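Residue numbers (the UniProt record's numbering): 1 to 330. Cβ atoms here follow ideal geometry from the backbone N, Cα and C, with glycine treated the same way. In this text the structure is predicted, and so the values were computed from the model without any measurement.
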């Protein structure tokens, strides 16, 4: 895949197109490291017209490709996805073509960990209720507040975001449990479980549950009625993975009937969330519009992954960063 010689690794002309809205500073950063590489930024691939077939490298958030478009992109060799999730990409079609897909796993840790911790602090200190009382000009010291210290945080998934969250959470005095496929120990976690029995134990013991698993056929509906009923009635669920990992009708019932104390949802089966969805009317459910991964530093971090992979692509040497396994879906 790579080219021969030093010239190829620094000055080779390359047809790179980005549907990610990169800033001028990002293009300058690329040219600083690879003088021959210039990125063309477009609002959508439809703007490319007949030039679509000439794209060799694509930078994308992963939501603008389908089987037909992949077929049209005759020169495409590598896709750098500026997100971690690739569940909306035509992975089978890309795999058939031998197109390399790499993602931005690892750039979401700080902001998503802060989002989860912010939600936990909000719930523990009853900040939403106090904000409502402020609007009503009511002075009420009877609301019972709590502390995070001594509580158990259960995290589904033990990847980069989960590890960042675990490290920060332990500073607040939380005990951190994780769940992954292998059950292997992971830095920052006090215990790591695997399998259904392990999931049941984690659910039963967690005061806060954060969902961070990739969205695959295996994780769809991973948290359904049985799992929600296994949780403590005082437990609080935070979903920052994908809406399909949690059974939404079951969660509505859990929140309405008091199986769990509350939830904070940043992802949904249908986005934008329809205005008539029951979630909107639940006082014990905080909704955010899929923003937990947003950060003013997001594209800066993702670009550095692209640059490391660009060196591999041009030289044909070294290991890809975050290469996606199309069979696993992540």
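Item, Value
"Using the C-alpha atoms, what's the distance from residue 157 back to residue 330?", "13 Å"
"Report buried or exposed for residue 96, applying the criterion of at least 16 other Cβ atoms within 10 angstroms of its Cβ.", "exposed"
"Going by DSSP, name the residue or residues bridged to residue 178.", "155 and 192"
"In angstroms with no decimal places, state the Cα-to-Cα distance between residue 258 and residue 287.", "18 Å"
"Given residue 269, which residues of its chain have a CB within under 8 Å of its CB, disregarding the five upstream and five downstream residues?", "243, 244 and 248"
"Is DSSP giving residue 5 helix, strand or coil here?", "Here the model assigns residue 5 a pLDDT of 39, short of 50, so the residue's position is not dependable, and the following value carries that caveat. Residue 5: coil per DSSP, three-state reduction."
"Can you tell me whether residue 227 is buried or exposed? The criterion is at least 16 other CB atoms within 10 Å of its CB, across all chains shown.", "buried"
"When you compare the CB positions of residue 213 and residue 219, do they come within less than 9 Å of one another, or not?", "yes"
"Would you call residue 294 buried or exposed, if buried means 16 or more other Cβ atoms sit within 10 Å of its Cβ?", "exposed"
"Look up residue 163 in the DSSP assignment and say whether it is helix, strand or coil.", "helix"
"Residue 105: which of 17, 150, 306 and 114 sits nearest, CA to CA?", "306"
"Quick test of your reading: residue 82 and residue 60, contact by CB under 8 Å. State the CB separation rounded to the nearest angstrom.", "7 Å"
"Please tell me whether residue 265 and residue 299 are closer than 9 Å, where the distance is taken between their beta carbons.", "no"
"Label residue 151 either buried or exposed according to how many other C-beta atoms from any shown protein chain fall within 10 Å of its C-beta, with 16 as the threshold for buried.", "buried"
"How far does the beta strand (DSSP E) with residue 236 in it extend, from its first residue to its last?", "236-239"
"Over the uninterrupted alpha helix (DSSP H) stretch that includes residue 124, give me the two end residues.", "109-124"
"Assess, as a yes-or-no matter, whether the segment 98-114 is touched by the segment 159-169 under the definition of 3 or more beta carbon pairs within less than 8 Å.", "yes"
"Can you check which of these residues, 125, 186 and 17, is closest to residue 167 by C-alpha distance?", "186"
"Cα separation between residue 26 and residue 203?", "43 Å"
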